[in-house]
DNA sequence: ATGGACCCTGGAGCCACTACAGAGTCAACG
DNA sequence: CGTTGACTCTGTAGTGGCTCCAGGGTCCAT
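In structure tokens form, the structure reads like this:
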């Protein structure tokens with residue numbers, strides 16, 4: 574419940590969003606430009622705080638800038654149907670699940686190559702498995 | 574067992590690495606420059622194929638260009654100790670595991686917000702949980 | 001000789017920031 | 001009222017790891 578407008582530094586502290594990033598969001602039209610002081614300082618109000626927190630939360634959830642733009646547009650129209658939002662979340666969830674699956678495979682491969690046990694590169698399982706996937710104890714390239 | 578040198582297109586087909594990417598790797602000094610034909614075409618040999626497969630495999634495992642550079646330097650010295658490689662894999666594994674943990678939390682949050690069940694944005698759980706994390710059925714911003 | 005597939009260079013663009021230089025503003029303190 | 005020091009401004013360039021493009025040149029089979 575801030576009553577007075579605050580500077581970009583205050584907005585940054587209250588949201589955890591970098592000052593440079595806030596200016597960047599304004600430049601790309603993601604955050605509406607605030608009024609300015611006589612000297613040209615940006616003066617933010619509570620609505621900017623809400624808006625930026627929405628953005629921040631979206632980014633934390635891994636949504637792209639474009640997706641957040643779409644979600645913000647939706648959020649501004651309370652009586653619009655929300656299938657759009659539902660679809661976006663579903664798509665993003667698919668993506669995240671795919672990424673987890675990929676990384677899990679990766680993790681297993683990395684675990685398998687760990688502890689190369691040889692003492693020099695010539696016997697190294699790591700170098701070997703990079704040289705010829707699935708095999709160890711190969712010659713170096 | 575290619576006996577004749579081949580063009581960049583051949584190298585690309587045999588490794589699955591984009592032509593532009595191959596040239597990029599050469600430019601940043603990751604792939605040694607091949608000889609050239611009279612007309613200036615790059616002429617690759619088997620050693621380039623091995624080298625690029627090593628790079629490709631490293632990238633597929635998620636290693637950074639810099640890490641791959643270090644691994645390649647190691648791979649060239651068969652009698653060097655391989656602790657370096659071991660350490661790099663361990664570090665990378667940590668990173669991958671952290672990323673999986675992060676994405677798993679994300680996935681759970683996304684699953685929780687799915688099926689917004691309201692029909693308009695004003696009741697939408699998705700928009701709500703972006704507006705105020707952890708809560709649904711909020712006013713829009 | 002010609003056509004079409006291939007290749008060359010240099011530069012710009014992508015995403016989502018982040019860093020920096022050089023200048024100006026604000027508010028508190030003396 | 002002046003000074004100090006924290007804060008802010010604009011504009012530009014850089015990050016990683018590519019990817020794409022324009023405008024030209026090369027290669028080889030026919």
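Protein chains in written order, with our numbering: chain A, 574 to 714; chain B, 574 to 714. Beta carbons are placed, not taken as given, at the ideal position from N, Cα and C, and that holds for glycine.
In this structure, residue 651 (chain B) places its C-beta atom within 7 Å of the C-beta atom of residue 695 (chain A).
Selection A:579, A:691, A:684 and A:672 evaluated against residue 615 (chain A) yields A:579 as nearest (Cα-Cα). Contacts with chain A at 7 Å (Cβ-Cβ) do not include residue 674 (chain B).
Using beta-carbon distances, residue 648 (chain B) counts as an interface residue toward chain A, with a partner under 7 Å.
With its beta carbon less than 7 Å from one in chain B, residue 631 (chain A) belongs to the interface. Under the rule that a run must span 4 or more residues, the alpha helix (DSSP H) segments found entirely inside the segment 578–662 of chain A read 581–588, 592–600, 619–633 and 638–648.
Residue pairing of residue 669 (chain B) in beta bridges, as defined by DSSP: absent, with no partner found.
The C-beta of residue 603 (chain A) comes no closer than 7 Å to any C-beta of chain B.
Per DSSP, the unbroken alpha helix (DSSP H) holding residue 701 (chain B) starts and ends at 698–704. Here residue 637 (chain A) is exposed: its Cβ has fewer than 16 other Cβ atoms, across all protein chains shown, within 10 Å.
If you ignore the 5 residues before and after residue 697 (chain B), its C-beta comes within less than 7 Å of the C-beta of 689 and 691, all in its own chain and listed in chain order.
Contacts between residue 682 (chain A) and chain B, judged by CB atoms closer than 7 Å, involve 634 in chain order. Taking the beta carbon of residue 692 (chain B) as reference, the chain A residues within 8 Å of it are 654 and 655, listed in sequence order. Nearest to residue 680 (chain B) by alpha-carbon distance, out of A:598, A:702 and A:633, is A:633. Secondary-structure assignment with DSSP links residue 693 (chain A) through a beta bridge to B:654.
At a cut-off of 7 Å between C-beta atoms, residue 669 (chain A) counts as an interface residue with respect to chain B. With respect to the C-alpha of residue 686 (chain A), the residue from B:590, B:665 and B:603 having the closest C-alpha is B:665.
Selection B:609, B:618 and B:610 evaluated against residue 577 (chain B) yields B:618 as nearest (Cα-Cα). The beta-carbon separation of residue 645 (chain B) and residue 658 (chain B), rounded to 11 Å, does not stay under the 8 Å limit for a contact. If you check the CB distance, residue 581 (chain A) and residue 676 (chain B) do not come in under 7 Å.
The C-alpha of residue 613 (chain A) is placed about 30 Å away from the C-alpha of residue 643 (chain A). The C-beta of residue 608 (chain B) has fewer than 16 other C-beta atoms within 10 Å across all chains shown, which makes the residue exposed.
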